[in-house]
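Taking it in order: structure first as structure tokens, then the write-up.
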Amino acid sequence: ESKFDAILTDPVSTCGVILAKHLSLPSVYLLRGVPCGLDLDARLCPSPPSYVPSVFTDLTDHMTILQRVKNLLFDTQNLFLCDFAFEPYSKLASEFLQREVTVQDLLRKGSVWLLRLDFVLDYPRPLMPKIIPIGGLNCAHKELPPVGLNPICSLTPKIFSSVILPLSPTQNWLLSSCSGW
3 ESKFDAILTD
13 PVSTCGVILA
23 KHLSLPSVYL
33 LRGVPCGLDL
43 DARLCPSPPS
53 YVPSVFTDLT
63 DHMTILQRVK
73 NLLFDTQNLF
83 LCDFAFEPYS
93 KLASEFLQRE
103 VTVQDLLRKG
113 SVWLLRLDFV
123 LDYPRPLMPK
133 IIPIGGLNCA
143 HKELPPVGLN
153 PICSLTPKIF
163 SSVILPLSPT
173 QNWLLSSCSG
183 W
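The numbering of the sequence shown is this note's numbering, which starts it at 3 and goes up by one.
Printed below as a string of structure tokens:
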């Protein structure tokens with residue numbers, strides 16, 4: 003018989019969440035986020051649609067009134083999608099735990115939420131004390147390209163040039179280093 007201190011699980015795959023409840027163990031959730039926003043409700047974290055853009059929208063944190071309405075409608079639609087998507091898991095959890103329970107109820111029992119988000123890449127949002135952003139956890143360290151770009155620059159005379167707009171700073175640097183601008 004083994005004794006465990008906690009369960010580290012991804013709450014999108016609800017089996018670990020159900021197991022943590024069954025074994026009465028604290029659970030540590032590691033996730034990027036649930037597209038429908040169930041995780042926001044479960045961790046009791048405010049996500050005001052007035053300035054926090056919904057996932058899968060092209061909105062920023064600087065929205066006009068019409069964009070805020072669009073964001074609110076998108077959030078409302080996501081709640082129904084979430085209920086539909088997680089209903090089978092709620093039934094599974096209720097059957098396994100021998101009492102009526104929803105996935106959201108189980109997720110609220112999480113002790114710590116380790117979120118793979120980075121404030122450099124994501125828009126500002128309120129976070130609760132048990133939420134710890136750990137951006138870059140899944141990123142591998144890559145070496146920078148060598149200073150000499152001979153394979154790319156050697157192709158430059160053979161390529162018919164054209165104008166590409168807009169260019170990123172990296173693309174500008176690459177073109178200028180190849181053509182000697």
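The beta carbon of each residue, even a glycine, is placed where N, CA and C say it ideally should be.
Alpha helix (DSSP H) segment containing residue i, residue limits
i     : result
Leu25 : 17-25
Ala44 : 40-44
Own chain partners of residue i with C-beta closer than 7 Å, once the 5 adjacent residues on each side are dropped
i     : result
Asp77 : Gly39, Pro51, Ser56
Ser96 : Glu102, Val103
Leu74 : Pro51
Asp43 : Gln106
Phe58 : Pro37
Val14 : Leu33, Val36
Host beta strand (DSSP E) of residue i (start-end)
i     : result
Arg31 : First, the residue type needs correcting, since residue 31 is Tyr and not Arg in the sequence shown. Per DSSP, Tyr31 belongs to the beta strand (DSSP E) from 29-33.
Helix, strand or coil at residue i [DSSP, three-state]
i      : result
Ile9   : strand
Ser4   : coil
Lys72  : helix
Asp77  : helix
Ser181 : Per-residue confidence for Ser181 stands at a pLDDT of 47, beneath the threshold of 50, marking its modelled position as unreliable; the derived number appears in the next sentence. Note: Ser181 maps to helix in three-state DSSP.
Per DSSP, cross-strand counterpart(s) of residue i
i      : result
Pro135 : Leu117
Contacts around residue i, its chain only, beta-carbon distance under 8 Å, and the 5 residues preceding and following it disregarded
i      : result
Ser113 : Ala8, Pro28, Ser29, Val30, Lys132
Arg45  : Leu109, Arg110, Gly112, Trp115, Met130, Lys132, Ile133
Asp12  : Gly18, Tyr31, Leu32, Leu33
His24  : Phe98, Leu99
Neighbourhood of residue i by C-beta distance below 6 Å, restricted to the same chain and skipping five residues each side
i     : result
Val54 : Arg127
Arg70 : Ser52
Gln79 : none
Met65 : none
Ser4  : none
My parser needs the beta strand (DSSP E) runs of 3 or more residues fully inside the region 80-133; what are they?
114-117
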